[in-house]
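Participant: I have a structure I would like to understand better, so I am pasting it below and will then ask my questions one at a time.
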Amino acid sequence: MRSLALYLHIPYCLSRCHYCDFNTYVLDGPQSREYVQALAAEIRHQGAALDGQGRRVETIFFGGGTPSLLPPEDLCALLETCRGAFCVAPEAEITLEANPETVTVEVFSALRWGGFNRVSLGVQALHAELLQALGRPHTPARATEAFAAIRAADFANVNLDVMFGLPGQSLRDWRRTLEGVLILAPEHLSTYGLTIEEGTLFGRLHRQGALRLPPEGAHLAMYREALRHLPAAGYRRYEISNFARPGFECRHNLTYWRQGEYLGLGAGAHGYLAGVRYMNQRLPAAYISAVSRQGTAVSARERPSPLEQAEEALMLGLRLAAGLHVAAFAARFGLPDPPIDPAVLARLTGMGLIKAGDGLLRLTEAGLAVSDTIITDLAASLATPSGVCA
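Under the numbering used here, the first residue of the sequence shown carries the number 402, and numbering increases by one thereafter.
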């Protein structure tokens with residue numbers, strides 16, 4: 402059976418963090434109840450549309466927003482709706498994103514009993530001043546208490562999100578955060594460098610020159626600190642920002658990075674199916690209205706060209722530590738071998754930014770720090786695909 406992933410978007414939060422540009426809104430109780438009903442209806446609609454196509458759901462990811470804000474009975478009911486609408490593998494990875502202020506042993510025991518088997522907890526930092534600067538409502542102590550509660554609820558697969566390059570953050574601060582999360586010993590760690598996005602409080606402050614960010618050199622030093630500390634503690638880097646103990650790589654995110662098929666369900670969710678990308682209505686009210694009328698809320702569709710798909714495969718393949726299998730990549734998109742201008746490869750290899758061997762192309766540690774620039778250079782030197790990807 403063909404593998405499929407489901408992403409369910411829960412767009413509600415207690416408050417909006419200062420850096421966040423996701424499709425999120427402050428919790429509206431009455432609307433959230435309507436939203437859960439609409440999401441269940443969309444799940445059933447999409448399941449019926451794919452019935453008989455031989456697809457099996459291998460991963461389900463409840464993201465947001467803060468999905469753990471919803472009552473556990475609603476989350477478990479949505480999961481059961483997925484099981485009723487799709488063929489869900491018995492060993493499927495089922496992830497819930499959560500923030501520390503929403504975690505209790507009682508709630509997460511109910512979620513574990515209801516079928517969730519993985520939690521991604523947004524810790525971000527273990528310093529009160531940094532959390533306050535980010536607009537996060539929890540404290541460092543609450544983050545560690547939440548992790549203990551998740552463990553007490555019998556979750557054996559937990560990711561912690563942490564961030565570096567924060568306003569006022571020093572290398573020593575970042576090192577202490579890494580040491581603190583390693584003491585907790587989660588199975589997975591996601592380490593994200595802060596990016597300044599338009600439409601956020603940080604974006605406005607940055608334009609005004611009022612945001613004190615670490616210099617570029619310090620930002621890179623923080624990333625290299627993660628590259629040193631985490632593998633030494635048993636976490637293998639399998640993607641630019643993601644580290645896991647063996648066997649605990651996030652299977653859902655690997656679907657994205659390998660250009661697998663997935664359904665995006667909920668307000669503003671994106672999906673990729675049968676070579677077509679689509680996006681749902683962003684506003685919860687518009688989403689609820691659309692689903693009530695037609696069972697779905699798709700607002701836009703596009704079919705990427707073979708060149709666009711090749712460029713994306715190049716970008717995603719190089720983000721993975723496994724690298725890009727050059728011959729398979731060329732064959733998939735009808736490209737010559739080599740598919741990338743040899744002069745560009747030679748220049749980047751000579752600079753110590755990429756390495757080639759055993760038919761694979763990978764970023765070096767130096768290249769990881771400037772990956773966006775390297776991937777742009779390589780994509781610009783691709784030959785034009787003559788075929789359509791599988």
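We treat Cβ as the ideally placed atom computed from N, Cα and C, and that holds for glycine. Computed from a prediction, not measured in an experiment: that's the story for all the values here.
Any idea if Thr596 is buried or exposed, counting beta-carbon neighbours within 10 angstroms, 16 or more meaning buried?
Facilitator: Stepping through the sequence shown from its first residue, residue 596 is reached at position 195. The residue is exposed, with fewer than 16 neighbouring Cβ atoms inside 10 Å.
Participant: Determine the direct distance from the alpha carbon of Tyr624 to that of Arg659, and round the result to whole angstroms.
Facilitator: Reading the sequence shown from its first residue, position 258 is the one you call residue 659. Reading the sequence shown from its first residue, position 223 is the one you call residue 624. Taking the straight line from one Cα to the other gives about 24 Å.
Participant: Alpha carbon to alpha carbon, how far is Val508 from Val427? Give it in angstroms, no decimals.
Facilitator: For the purposes of this step, residue 427 is identified with residue 26 of the sequence shown, where counting begins at 1. For the purposes of this step, residue 508 is identified with residue 107 of the sequence shown, where counting begins at 1. Near 21 Å, if we compare the C-alpha coordinates of Val508 and Val427.
Participant: Determine the contact status of Ile411 and His653, defining contact as a CB-CB distance below 9 Å.
Facilitator: Looking up residue 411 in the sequence shown gives position 10. Looking up residue 653 in the sequence shown gives position 252. Cβ distance not < 9 Å, so Ile411 and His653 don't count as in contact.
Participant: Identify every run of the beta strand (DSSP E) within the region 429 to 482, keeping only runs that are complete inside it and at least 3 residues long; order them along the chain.
Facilitator: Taking only runs of at least 3 residues, the beta strand (DSSP E) segments lying wholly in the region 429 to 482 are 456 to 465.
Participant: CA-CA distance, Ala675 and Gln454?
Facilitator: Counting from 1 along the sequence shown, the entry for residue 675 is found at position 274. Counting from 1 along the sequence shown, the entry for residue 454 is found at position 53. Answer to the nearest angstrom: the Cα atoms are 11 Å apart.
Participant: What is the residue span of the alpha helix (DSSP H) that Ser510 lies within?
Facilitator: For the purposes of this step, residue 510 is identified with residue 109 of the sequence shown, where counting begins at 1. From DSSP, the alpha helix (DSSP H) with Ser510 extends over Val506 to Trp514.
Participant: Taking its Cβ as the centre, do 16 or more other Cβ atoms sit within 10 Å of Trp514, making it buried, or is it exposed?
Facilitator: Locating residue 514 in the sequence shown gives position 113, counting from the first residue. By the 10 Å Cβ count, Trp514 comes out exposed.
Participant: Determine, using beta-carbon pairs with one atom in the region 682 to 701 and one in the region 714 to 726, whether at least three such pairs fall under 8 Å.
Facilitator: No: fewer than three Cβ pairs fall under 8 Å.
Participant: Kindly indicate which three-state DSSP category Asp562 falls into: helix, strand or coil?
Facilitator: Residue 562 sits at position 161 when you count from the first residue of the sequence shown. Note: Asp562 maps to strand in three-state DSSP.
Participant: Return the chain-ordered list of same chain residues with a C-beta closer than 8 Å to the C-beta of Ala611, the five sequence neighbours on each side being excluded.
Facilitator: As a working note, residue 611 is residue 210 in the sequence shown. Taken in chain order, the list of residues that qualify is empty.
Participant: Please go through the same chain and pick out, in chain order, the residues whose beta-carbon is closer than 6 Å to the beta-carbon of Ala870, but skip the five residues on each side of it.
Facilitator: The structure shown does not extend to residue 870, since the chain is modelled only from 402 to 791, so the question has no answer here.
Participant: Would you kindly work out how many angstroms separate the C-alpha atoms of His738 and Leu749, rounded to a whole number?
Facilitator: Within the sequence shown, numbered from 1, the residue matching residue 738 stands at position 337. Within the sequence shown, numbered from 1, the residue matching residue 749 stands at position 348. Sequence check: residue 738 is Asp here, not His. Asp738 and Leu749: Cα-Cα distance of roughly 18 Å.
Participant: Short check: CB of Leu497 to CB of Leu664, under 9 Å?
Facilitator: Numbered from 1 along the sequence shown, position 96 holds the residue referred to as residue 497. Numbered from 1 along the sequence shown, position 263 holds the residue referred to as residue 664. It is not a contact, given that the beta carbons lie outside the stated cut-off.
Participant: Roughly how many angstroms separate the alpha carbons of Leu522 and Asp562, rounded to a whole number?
Facilitator: Counting from 1 along the sequence shown, the entry for residue 522 is found at position 121. Counting from 1 along the sequence shown, the entry for residue 562 is found at position 161. Spanning the two alpha carbons is a distance of roughly 6 Å.
Participant: So, with DSSP's three-state summary, where would you put Gln682?
Facilitator: One-based indexing of the sequence shown puts residue 682 at position 281. In this structure, Gln682 counts as coil in the three-state DSSP scheme.
Participant: Pick out the complete alpha helix (DSSP H) segments inside the region 566 to 621, 4 residues or longer, and give them in chain order.
Facilitator: With a minimum length of 4 residues, the continuous alpha helix (DSSP H) runs that stay inside the region 566 to 621 are 572 to 585 and 602 to 608.
Participant: Identify the residues that DSSP records as bridge partners of Asn654: which are they?
Facilitator: Here residue 654 refers to the residue found at position 253 of the sequence shown. Partner(s): none; Asn654 has no beta bridge.
Participant: Quick one: grab the DSSP three-state call for Thr496.
Facilitator: The sequence position of residue 496 within the sequence shown is 95, counting from 1. Correct three-state label for Thr496: strand.
Participant: The beta strand (DSSP E) with Gln525 in it runs from where to where?
Facilitator: Within the sequence shown, residue 525 is the residue found at index 124, counting from 1. That run of the beta strand (DSSP E) goes Arg519 to Gln525.
Participant: On the DSSP letters alone, give me the boundaries of the beta strand (DSSP E) that Leu721 sits inside.
Facilitator: Locating residue 721 in the sequence shown gives position 320, where the first residue counts as 1. No beta strand (DSSP E) contains Leu721, which DSSP labels as neither H nor E.
Participant: Between which two residues does the alpha helix (DSSP H) holding Ala553 run?
Facilitator: For the purposes of this step, residue 553 is taken as the residue at position 152 of the sequence shown. Start and end: Pro541 to Ala553.
Participant: Given a cut-off of 9 Å, decide if Ser642 and Ser591 are closer than it, judged by their beta-carbon atoms.
Facilitator: Walking along the sequence shown from the start, residue 591 turns up at place 190. Walking along the sequence shown from the start, residue 642 turns up at place 241. Yes. Within cutoff.
Participant: Only counting the same chain, and skipping five residues up and downstream in sequence, which positions put a Cβ closer than 6 Å to that of Val789?
Facilitator: In the sequence shown, residue 789 corresponds to position 388, counting from 1. Residue confidence is low: Val789 scores 45 on pLDDT, short of 50, so the model does not pin down where it sits. Its coordinate-derived value is still stated next. Hits under 6 Å: Pro707.
Participant: Please state if the CB of Tyr436 and the CB of Ala668 are separated by a distance shorter than 9 Å.
Facilitator: One-based indexing of the sequence shown puts residue 668 at position 267. One-based indexing of the sequence shown puts residue 436 at position 35. Yes, the Cβ-Cβ distance between Ala668 and Tyr436 is below 9 Å.
Participant: How many Å lie between Gly672 and Tyr679 at the Cα?
Facilitator: Taking the sequence shown and counting its residues from 1, one reaches residue 672 at position 271. Taking the sequence shown and counting its residues from 1, one reaches residue 679 at position 278. If I take the Cα positions, the gap works out to 5 Å.
Participant: By the DSSP assignment, the beta strand (DSSP E) with Ser404 in it spans what residues?
Facilitator: Position 3 of the sequence shown holds residue 404. Run containing Ser404: Arg403 to Ile411, per the beta strand (DSSP E) assignment.
Participant: Ala723 to Leu762, Cα distance in whole Å?
Facilitator: Taking the sequence shown and counting its residues from 1, the one referred to as residue 723 is at position 322. Taking the sequence shown and counting its residues from 1, the one referred to as residue 762 is at position 361. Spanning the two alpha carbons is a distance of roughly 9 Å.
Participant: Between which two residues does the alpha helix (DSSP H) holding Ala747 run?
Facilitator: By 1-based counting over the sequence shown, the position of residue 747 is 346. Pro743 to Gly751 is the span of the alpha helix (DSSP H), which, as asked, contains Ala747.
Participant: Considering only the alpha carbon of each residue, which of Glu502, Ala586, Gly516 and Asp574 lies closest to Ala547?
Facilitator: The residue labelled residue 547 in the question sits at position 146 within the sequence shown. Looking at the Cα atoms, Glu502 is the closest of the given residues.
Participant: Look at the alpha carbon of Ala747 and the alpha carbon of Asp574, and state the distance between them as a whole number of angstroms.
Facilitator: Indexing the sequence shown from 1 puts residue 747 at position 346. Indexing the sequence shown from 1 puts residue 574 at position 173. For Ala747 and Asp574, the distance between alpha carbons rounds to 38 Å.
Participant: Rounded to the nearest angstrom, what separates Leu479 and Pro740 at their Cα positions?
Facilitator: Working through the sequence shown from its first residue, we reach residue 479 at position 78. Working through the sequence shown from its first residue, we reach residue 740 at position 339. Answer to the nearest angstrom: the Cα atoms are 44 Å apart.
Participant: Pick from Met564, Glu588 and His589: whose alpha carbon is nearest that of Arg577?
Facilitator: In the sequence shown, counting from the first residue as 1, residue 577 sits at position 176. If we check each option's Cα against that of Arg577, Met564 comes out closest.
Participant: Check Pro632 in the structure and name its three-state DSSP category.
Facilitator: By one-based count along the sequence shown, residue 632 stands at place 231. Residue state, collapsed to three classes: helix.
Participant: Would you grab the beta carbon distance between Leu666 and Tyr420 for me? Rounded to a whole angstrom, and I think it's under 8 Å.
Facilitator: The residue labelled residue 666 in the question sits at position 265 within the sequence shown. The residue labelled residue 420 in the question sits at position 19 within the sequence shown. About 25 Å; that fails the 8 Å criterion.
Participant: Going by DSSP, what residue range makes up the alpha helix (DSSP H) through Ala767?
Facilitator: Position 366 of the sequence shown holds residue 767. Start and end: Glu766 to Leu769.
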